[in-house]
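Residue numbers (the numbering used here): 4 to 408.
Contents: one structure, followed by commentary.
So this is what it looks like as structure tokens:
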């Protein structure tokens, strides 16, 4: 039974499995306990089935593709007709998991109990649900991934993977061999994927910056109180030290804004800025809503991405849609394809201060929003994504027919 593929859901559906793990402490349950709890959970879900029911119509015209990258990819797929319903799945360590949360008529979130600590994540609760309700037509697995049993249960799905980070694959080979499509952030990542799995289909299509939302992120005509803004987690790999050095070395005094969504270094960075007499305003953690992020970005003239060992961050095109050109570290691992003469500049870490000043003196030469609208907003990307998904789905159907399954 463990290797048996579940049927697909009756209505076309897409599920994104993120690597958020909620709850503490770990439940500490054994296999027998998990089996019993999974059966109980299925009974509770009798009125909470996966996706749309009956002949309920899909109002694609009224559907807005908004939110973070977790939401924008699946909502774009519903809007484009690749699915009728979208769900985002996470895991929980604790015994009790939150109930399903419907965010709109076509997007819901579910949380499943983990079998134990460690990634790729294993959840008998999730597997039982898939077998009971059916596998999604499109399964998108992000980050640290899920164990092989879940992917076997979804063998009839089009299984897509995106690491969301600089490593091209953050899962072991026994998991990655089940992927039908790997979305990468740069061509070197695609090369690494094919080196592990020759012939595997890849597409340079980082979901953060490429499924961009021009409605949430847009110019507001606000007063420009800051020269530069950096929206990034308060964590070491985001390299705030490069920004701090740039501010200290710039040919003229610059005012900066740092916006933290999360991270453990917020207080340390505030203390360092004060000790060095740098003119920096800090917001968060915790994070603020997307509309407020847009408003904060609108108060600055240039956005920066300082990291090296980073995936293609969504903020690249979010800055641009807000009308800000972007200065990126020239060694950014993924996402440099978004930096063009229209959208920004790249510079080495030691040259950030001079590059910032030069960009501020030449703001009229950039057209960042126009460039993103022409290439990277979600309607462009979902068209490319949909074509690949349809090709993969057709190939899987032919293979299954050939195998008599």
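From the three backbone atoms N, C-alpha and C, an ideal C-beta is built for every residue, glycine too.
Check	Outcome
Residues sharing a beta bridge with residue 16, DSSP	88
Beta-carbon contacts of residue 301 that lie in its chain and below 7 angstroms, excluding the five residues immediately before and after	222, 223, 225, 325
Limits of the unbroken beta strand (DSSP E) element including residue 145	141 to 145
Residue 368 versus 304, 290, 83, 291, residue with shortest Cα-Cα distance	304
Cβ neighbour criterion (16 or more within 10 Å) applied to residue 82	buried
Contained alpha helix (DSSP H) runs [length at least 4] in the segment 236 to 283, N- to C-terminal order	243 to 252, 269 to 278
Beta-carbon proximity list for residue 251, same chain, < 7 angstroms, skipping 5 on both sides	279, 281
Contact between the segment 338 to 351 and the segment 250 to 264 (3+ Cβ pairs under 8 angstroms)	no
Short Cβ contact (8 angstroms threshold) for residue 200 with residue 151	no
Length of the line joining the Cα atoms of residue 78 and residue 142	13 angstroms
For residue 118, the nearest candidate out of 135, 100, 108 (CA to CA)	100
Best match in 80, 217, 308 for proximity to residue 17 [C-alpha to C-alpha]	80
Per DSSP, the bridge partner or partners of residue 380	215
Anticipated Cβ contact below 8 angstroms, residue 110 with residue 210, distance rounded	Contact flag wrong, Cβ pair sits at about 16 angstroms.
Three or more C-beta pairs below 8 angstroms linking the segment 158 to 170 and the segment 361 to 379	no
Burial state of residue 244, where buried means 16 or more other Cβ atoms lie within 10 Å	exposed
Coil, strand or helix - residue 388 by DSSP	helix
Pairwise C-alpha distance: residue 61 and residue 316	31 angstroms
CA-to-CA distance, residue 189 to residue 403, given in whole angstroms	32 angstroms
Within 8 angstroms, strictly: CB atoms of residue 308 and residue 286	no
Other residues of its chain near residue 297: CB distance less than 8 angstroms, five sequence neighbours each side excluded	219, 220, 221, 223, 321, 325
Residue 363 versus residue 88: straight-line alpha-carbon distance, rounded	44 angstroms
Alpha-carbon spacing of residue 130 relative to residue 328, whole angstroms	45 angstroms
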